[in-house]
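The numbering of the sequence shown is the working numbering, which starts it at 76 and goes up by one.
Every residue gets a Cβ at the ideal spot worked out from N, C-alpha and C, and that includes glycine.
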Amino acid sequence: MQTGMINSAHLATATLSPNPAFSVESRNGRPDFELAAALQKVSPQQQAKAQKTATDFEGMFLNSMFAQMTSGLKGEGPFGDTPGTGVWRSMLTEQYSKNFASAGGVGVARDVYRTLIMQQAKTTLRTA
């Protein structure tokens, strides 16, 4: 592998992501040189698309998790036990999940993003 050939300048340029959740600086507390090398092969448009896809995926995951957390609540909250309570709670959990995911989430998006970028870099190598 050529990951040892990546210098700190390459790593520094790869970490200038608009979302700190997608920075290359650490993987398990250490620099992720493999991802830094892959980012050099993937276009900025593909990187942005991968970030959005990863964040959306984490949002769906969190929405499912929050829906399960609130599924047992009956007759509580500001609307009591009305027919609209279920709809209101589903919209509330959807907004919670989107906010959590866009604020950095729980780490699912970071791993999904890394996987997508690594796959894109391998595809770029095969077509080049």
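_Nearest candidate by alpha-carbon position, reference S165, set E109, T128, A178 and S146_ = In the sequence shown, residue 165 corresponds to position 90, counting from 1. Of the candidates E109, T128, A178 and S146, the one whose C-alpha sits nearest the C-alpha of S165 is S146.
_Contact between the segment 122-141 and the segment 104-113 (3+ Cβ pairs under 8 Å)_ = No, the segment 122-141 is not in contact with the segment 104-113.
*Can the beta-carbon of A129 be found less than 9 Å from the beta-carbon of A184?*
On the sequence shown, residue 129 is found 54 positions in, with the first residue counted as 1. On the sequence shown, residue 184 is found 109 positions in, with the first residue counted as 1. Yes, Cβ-Cβ distance for A129 and A184 is below 9 Å.
*Under the DSSP definition of a beta bridge, which residues are partnered with R102?*
Numbered from 1 along the sequence shown, position 27 holds the residue referred to as residue 102. Paired residues: R105.
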